[in-house]
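One point on numbering: in this note's numbering, the residue at position 108 of the sequence shown is 183, and numbering is uninterrupted. No residue lacks a Cβ here, since even glycine has one placed at the ideal position from N, Cα and C. To keep things clear, I will list the structure first and then write my remarks on it.
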Amino acid sequence: MAQKLSNHRSFSKNLSMKFHLTIQALNLLAANAKHKVWLKPTSEMSFLYGNDVIKGGLGRITDNINAYDGVVVFSMSDVPLGFGIAAKSTQDCRKMDPNGLVVIRQADTGEYLRNQEDL
């Protein structure tokens, strides 16, 4: 019993290590997302090739997103494509330049093809 407790303690110490969320969590994130961004069809491929989302590619965005909130990126037909971090708030996105950065990409479904060996 003492051995099991000491193993549990060492495991809890390891929880302080960095946590890296991968694209494999996308279905779970998409089902529970509060902050969503939808891409125009012309911008989907750019996102899936690993690029960030700019205002010109934005189809829709949910209200009340703050800068640096986590967002899930969808196609206009509600297919989850990936996730990232909002570079600007919803209000700032509506009045910004079409080439302005909206979402900083963290992961996308194109990673399955680009990084097959690592996943």
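Asked, Found
"Range covered by the beta strand (DSSP E) that runs through Asp183", "176–183"
"Ile98 versus Asn141: straight-line alpha-carbon distance, rounded", "23 Å"
"Host alpha helix (DSSP H) of Leu16 (start-end)", "No statement about residue 16 is possible, as the shown extent of the chain runs from 76 to 194 and does not include it."
"Host beta strand (DSSP E) of Pro155 (start-end)", "155–161"
"7 Å Cβ shell around Ile136 - same chain, five flanking residues per side excluded", "Val112, Thr165, Cys168"
"N-terminal and C-terminal residue of the beta strand (DSSP E) that Ser152 is part of", "Unbroken run through Ser152: none, as it is neither H nor E."
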